[in-house]
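Below is one structure; the comments refer to it alone.
Chains as they are written, first to last, in my numbering: chain Y, 189 to 326; chain G, 308 to 965.
Shown next, in the form of structure tokens:
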């Protein structure tokens with residue numbers, strides 16, 4: 189390779205290496221565990237007091253709503269978890285709906301203080317099947 | 308009906324596969340009869356797919372519930388336009404729609420190249436397109452047949468998801484498909500250039516238009532999708548870095564890079580291998596995008612593995628990558644760069660850096676989108692990567708792109724002179740610094756948003772100043788008024804000035820994004836009927852709430868009398884609906900756009916006992932710039948597609964080494 193091309197190739201390589209490092213750091217800083225409720229129970233010790241994302245189905249009749257505050261149970265494979273959330277209630281939120289909640293998990297009281305709450309169903313295109321979750325809150 | 312539709316799909320699969328085989332044979336043997344036959348096969352496929360599409364649309368309009376797809380998509384209350392839109396609103400219909408759109412592209416391409424069909428460059432491209440088409444028709448016929456008979460007969464269909472019942476939602480998938488499918492053409496020509504050993508300027512010059520068209524549609528799709536999210540989802544934003552959104556953004560990024568780097572090949576005869584790679588990568592991203600959009604299978608490895616389509620798409624993606632890499636390797640001696648890059652401080656140097664940045668962005672988005680799957684597959688740890696990742700990693704790259712976008716169009720080829728640059732940049736730089744300084748003091752902006760504003764305004768000033776400067780020179784030379792000089796200039800080279808318009812549009816979009824993300828305000832609170840409250844200088848009187856029932860839903864509609872900081876008043880009616888068949892709530896957003904930002908009101912529920920409404924209010928500064936900028940980008944794209952007066956002349960010029 190001629191010296192000039194070499195120099196440019198080096199600049200390019202340096203750019204991609206630097207950026208790869210930034211991306212890797214970014215992932216390191218921002219990734220969050222994503223468990224279903226039963227998996228969360230298995231790993232309860234590990235994630236106690238940390239931000240975690242979890243998915244489950246709203247238990248029928250468990251929703252208590254006071255203004256913008258929600259308190260409800262979600263269930264997956266026989267395990268349940270209490271979710272507390274305050275904020276915009278996502279479209280389609282009701283009994284028996286699969287939801288994804290993200291927030292800090294507290295082992296004492298087995299409760300998730302959710303910052304975001306999304307309904308997973310229906311997907312953008314079909315009624316059945318779980319598609320992309322709809323964003324709500326932020 | 309069901310049998311007829313299914314037969315049509317298999318027939319189309321047969322004809323497209325036949326066309327592929329015939330075209331490959333014709334190219335290998337140099338036999339014109341095989342070629343003729345293959346082209347007939349392609350044309351027949353277009354016809355069959357058109358009949359199938361008409362059959363499906365007519366079933367949707369007639370509400371023929373003997374088809375499962377119709378029963379799921381159509382309800383008696385749905386009007387004609389929604390019934391037509393149901394063609395592409397569901398998974399199964401959209402696969403047929405995809406194939407049909409691709410076949411129409413092929414038909415247009417056959418027409419455009421009708422005089423040059425003997426050229427192996429074109430006939431190899433036809434073959435590659437025939438193969439892509441047969442793949443999608445196969446998927447439609449076998450895995451997502453919209454003509455499947457209904458599992459049980461219903462007297463009334465369920466109808467479309469209410470979130471999808473919105474004009475933006477119906478237009479944006481069409482635009483996205485036109486984008487995704489069209490990207491098969493640059494890919495096919497890249498393959499053809501290798502197979503026909505014609506990696507010269509012919510294919511890049513030919514492919515520019517056929518890349519720009521899908522690029523414009525992809526842009527329209529992304530912007531309309533954002534508009535839909537903004538108006539319909541009620542969370543105050545327009546972009547959530549959701550996998551479906553990322554899926555459309557990745558091919559857009561690499562297609563944009565491609566549109567820039569083919570200019571370098573055309574003008575300087577460099578980056579030939581790189582261009583082929585970019586065309587391939589772009590099509591791969593389009594395939595990944597189609598798969599993600601259509602299957603929603605990015606939620607976990609299991610969803611991916613359980614999806615029937617997963618292995619087929621994965622297989623297609625890997626085979627394309629392997630075949631393309633193999634071809635490039637085999638033909639590497641046929642590809643010679645005509646010039647060397649002398650310095651990065653030149654237009655080609657800036658284009659190269661621009662390409663690196665676009666590729667880095669696309670890879671970042673891909674990595675963030677696919678990381679959860681990779682992590683689960685290799686370590687078993689289920690994780691999620693969301694907005695915080697994208698929002699922290701991508702801004703520096705976007706800023707770098709805005710910088711390049713400003714300088715690259717005015718810097719000269721080969722080796723730039725600093726003096727010429729200073730002449731073009733001096734005044735715009737002063738203006739941009741003044742704008743940035745004013746904003747920094749006025750809004751107390753943090754560093755990154757401040758840089759964003761300053762750079763974006765720099766782009767706008769520099770581009771306008773350049774047009775003004777060159778237009779003025781033309782006016783003086785020809786002794787015509789300045790305005791006419793500028794207009795004439797803009798008409799001399801649609802391609803270049805279309806690009807300028809796109810750049811200004813992108814700068815405006817950047818201003819809108821910085822404003823509405825860095826300075827957004829949000830209020831969530833419950834208020835009793837009759838109360839008044841204030842938010843960001845707006846006075847809001849919660850006058851009344853009405854409840855009622857429509858055929859498909861019941862609603863609560865609030866009446867808000869809003870007074871803006873300047874004293875103007877307006878009534879807004881945010882609405883909260885519950886759709887019976889879907890067992891689903893939706894919020895109808897009420898908007899009051901100002902030039903300085905949008906007042907955005909959502910009613911999130913109503914407590915009948917206490918007569919309390921739950922409101923979420925947003926103040927989204929400068930978000931209007933985003934939509935105006937989007938319109939400009941699309942307009943600039945179309946402008947660049949207009950035939951240039953200069954084009955004929957430049958074809959002659961290109962015979963000479965530049």
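We treat Cβ as the ideally placed atom computed from N, Cα and C, and that holds for glycine.
Proximity to residue 898/G [Cα-Cα], best of 857/G, 333/G, 431/G and 879/G: Mapped onto the second chain, residue 898/G falls at position 591. Of the residues 857/G, 333/G, 431/G and 879/G, the one whose Cα lies closest to the Cα of residue 898/G is 879/G.
Chain-ordered neighbours of residue 193/Y on chain G, where CB pairs are closer than 8 Å: For this step, residue 193/Y is matched to residue 5 along the first chain. Under the 8 Å cutoff, chain G gives 647 and 648.
7 Å Cβ cutoff, residue 234/Y in contact with chain G: Along the first chain, one-based indexing puts residue 234/Y at 46. No, residue 234/Y lies away from the interface with chain G (no Cβ there is under 7 Å from its Cβ).
Integer Cβ distance of residue 218/Y from residue 695/G, believed to fall under 8 Å: Counting from 1 along the first chain, the entry for residue 218/Y is found at position 30. Counting from 1 along the second chain, the entry for residue 695/G is found at position 388. Between residue 218/Y and residue 695/G, the beta carbon gap of about 4 Å places them in contact (Cβ cut-off 8 Å).
Chain-ordered neighbours of residue 276/Y on chain G, where CB pairs are closer than 8 Å: Mapped onto the first chain, residue 276/Y falls at position 88. Contact annotation for residue 276/Y against chain G: 541, 542, 831, 909, 911 and 923 [CB-CB distance below 8 Å, chain order].
Interface positions of the segment 875–903 of chain G facing chain Y (Cβ-Cβ less than 8 Å), listed along the chain: Here the close residues are 889, 890, 891, 892, 893 and 894.
C-beta atoms of residue 816/G and residue 944/G nearer than 7 Å: What you label residue 816/G is simply residue 509 of the second chain in a count that begins at 1. What you label residue 944/G is simply residue 637 of the second chain in a count that begins at 1. Cβ distance not < 7 Å, so residue 816/G and residue 944/G don't count as in contact.
Neighbourhood of residue 571/G by C-beta, 6 Å cutoff - its chain only, sequence neighbours within 5 removed: Taking the second chain and counting its residues from 1, one reaches residue 571/G at position 264. Contacts found: 577, 578, 655 and 658.
Backbone CA spacing between residue 248/Y and residue 859/G [nearest angstrom]: One-based indexing of the first chain puts residue 248/Y at position 60. One-based indexing of the second chain puts residue 859/G at position 552. In this structure, the CA atom of residue 248/Y is about 24 Å from the CA atom of residue 859/G.
Unbroken alpha helix (DSSP H) run spanning residue 981/G, endpoints: Given a span of 308 to 965 for chain G in the structure shown, any question on residue 981/G remains unanswerable.
Reference residue 452/G, options 392/G, 913/G and 398/G, closest by Cα: The residue given as residue 452/G occupies position 145 in the second chain. Nearest in C-alpha terms to residue 452/G, of all of 392/G, 913/G and 398/G, is 398/G.
Within-7 Å CB hit, residue 260/Y to chain G: Within the first chain, the letter at position 72 stands for residue 260/Y. Under the 7 Å criterion on CB atoms, residue 260/Y is classed as non-interfacial with respect to chain G.
Proximal residues of chain Y, C-beta to C-beta of residue 821/G below 9 Å: As a working mapping, residue 821/G is identified with position 514 in the second chain. Residues of chain Y whose Cβ lies closer than 9 Å to the Cβ of residue 821/G do not exist; the shortest such Cβ separation is about 17 Å.
Contacts that residue 671/G makes with chain Y (C-beta to C-beta distance below 7 Å): Taking the second chain and counting its residues from 1, one reaches residue 671/G at position 364. Around residue 671/G, the beta-carbon contacts reaching into chain Y at under 7 Å are 211.
Burial state of residue 780/G, where buried means 16 or more other Cβ atoms lie within 10 Å: For the purposes of this step, residue 780/G is taken as the residue at position 473 of the second chain. The residue is exposed, with fewer than 16 neighbouring Cβ atoms inside 10 Å.
Separation of residue 915/G from residue 281/Y, as counted between CA atoms: For this step, residue 281/Y is matched to residue 93 along the first chain. For this step, residue 915/G is matched to residue 608 along the second chain. Those two C-alpha atoms are separated by around 18 Å.
CB contact below 7 Å: residue 691/G versus chain Y: On the second chain, residue 691/G is found 384 positions in, with the first residue counted as 1. Yes, residue 691/G counts as interfacial toward chain Y.
Inter-residue CB distance, residue 366/G and residue 316/G (contact presumed, cutoff 8 Å): As a position in the second chain, residue 366/G is number 59, starting the count at 1. As a position in the second chain, residue 316/G is number 9, starting the count at 1. Contact between residue 366/G and residue 316/G is ruled out by a C-beta separation of about 14 Å, above the 8 Å threshold.
Coarse secondary structure for residue 643/G, derived from DSSP in three states: Start at 1 with the first residue of the second chain, and residue 643/G comes out as number 336. Residue 643/G sits in coil when the DSSP states are folded into three classes, being neither helix nor strand.
The alpha helix (DSSP H) enclosing residue 662/G, as first and last residue numbers: Taking the first residue of the second chain as 1, we reach residue 662/G at position 355. That run of the alpha helix (DSSP H) goes 654–686.
Within-7 Å CB hit, residue 609/G to chain Y: In the second chain, the residue the question calls residue 609/G occupies position 302. For residue 609/G, the predicted structure reports a pLDDT of 49, less than 50, and the residue's modelled location is therefore unreliable. A value from the coordinates is still provided. Judged by the 7 Å Cβ criterion, residue 609/G is not in contact with chain Y.
Range of the contiguous alpha helix (DSSP H) that encloses residue 850/G: Here residue 850/G corresponds to residue number 543 of the second chain, with the count starting at 1. Counting along the chain, residue 850/G falls outside any alpha helix (DSSP H), though it belongs to the beta strand (DSSP E) covering 845–856.
Rounded distance between the beta-carbons of residue 739/G and residue 719/G, thought under 8 Å: Counted from its first residue, the second chain places residue 719/G at position 412. Counted from its first residue, the second chain places residue 739/G at position 432. Between residue 739/G and residue 719/G the Cβ distance is about 22 Å, and since that is not below 8 Å, they are no contact.
Reduced DSSP secondary structure (H/G/I, E/B, other) of residue 220/Y: Here residue 220/Y refers to the residue found at position 32 of the first chain. Residue state, collapsed to three classes: strand.
Residue 542/G: first and last residue of the uninterrupted beta strand (DSSP E) it sits in: Here residue 542/G is taken as the residue at index 235 of the second chain, counted from 1. Counting along the chain, residue 542/G falls outside any beta strand (DSSP E), and DSSP gives it neither H nor E.
Cα-Cα separation, residue 756/G to residue 672/G: Stepping through the second chain from its first residue, residue 756/G is reached at position 449. Stepping through the second chain from its first residue, residue 672/G is reached at position 365. Using only the alpha carbons, I get a separation of about 21 Å.
Residue span of the alpha helix (DSSP H) that contains residue 758/G, given as start and end: In the second chain, counting from the first residue as 1, residue 758/G sits at position 451. Residues 754–785.
Those residues which DSSP pairs with residue 274/Y across a bridge: Position 86 of the first chain, counted from the start, is the residue given in the question as residue 274/Y. Under DSSP, the beta-bridge partners assigned to residue 274/Y are 257/Y.
Cβ-based contacts, 8 Å cut-off: residues of the segment 218–249 of chain Y near chain G: Within the segment 218–249 of chain Y, the qualifying residues are 218, 219, 220, 221, 222, 223, 227 and 241.
Minimum C-alpha distance to residue 583/G - residue among 493/G, 649/G, 598/G and 615/G: Here residue 583/G is taken as the residue at index 276 of the second chain, counted from 1. Of 493/G, 649/G, 598/G and 615/G, the smallest CA-CA separation from residue 583/G is found for 493/G.
Rounded straight-line distance, which links the Cα of residue 501/G to that of residue 330/G: Counting from one through the second chain, the residue named residue 330/G turns up at place 23. Counting from one through the second chain, the residue named residue 501/G turns up at place 194. Answer to the nearest angstrom: the Cα atoms are 16 Å apart.
Sufficient close CB pairs (3 or more, under 8 Å) joining the segment 221–233 of chain Y to the segment 262–269 of chain Y: Segments in contact, yes.
For residue 287/Y, the residue or residues it bridges with in DSSP: Taking the first chain and counting its residues from 1, one reaches residue 287/Y at position 99. Residue pairing by DSSP places residue 287/Y opposite 244/Y and 307/Y in a beta bridge.
Contacts of residue 653/G in chain Y (Cβ-Cβ under 8 Å): Position 346 of the second chain, counted from the first residue, corresponds to residue 653/G. Under the 8 Å cutoff, chain Y gives no residues; its nearest Cβ is about 11 Å from residue 653/G.
is_contact[residue 251/Y, chain G] using C-beta, thresh 7 Å: Taking the first chain and counting its residues from 1, one reaches residue 251/Y at position 63. Judged by the 7 Å Cβ criterion, residue 251/Y is not in contact with chain G.
Between the CA atoms of residue 754/G and residue 581/G - distance to the nearest angstrom: For the purposes of this step, residue 581/G is taken as residue 274 along the second chain, with counting starting at 1. For the purposes of this step, residue 754/G is taken as residue 447 along the second chain, with counting starting at 1. The straight-line gap from Cα to Cα measures roughly 35 Å.
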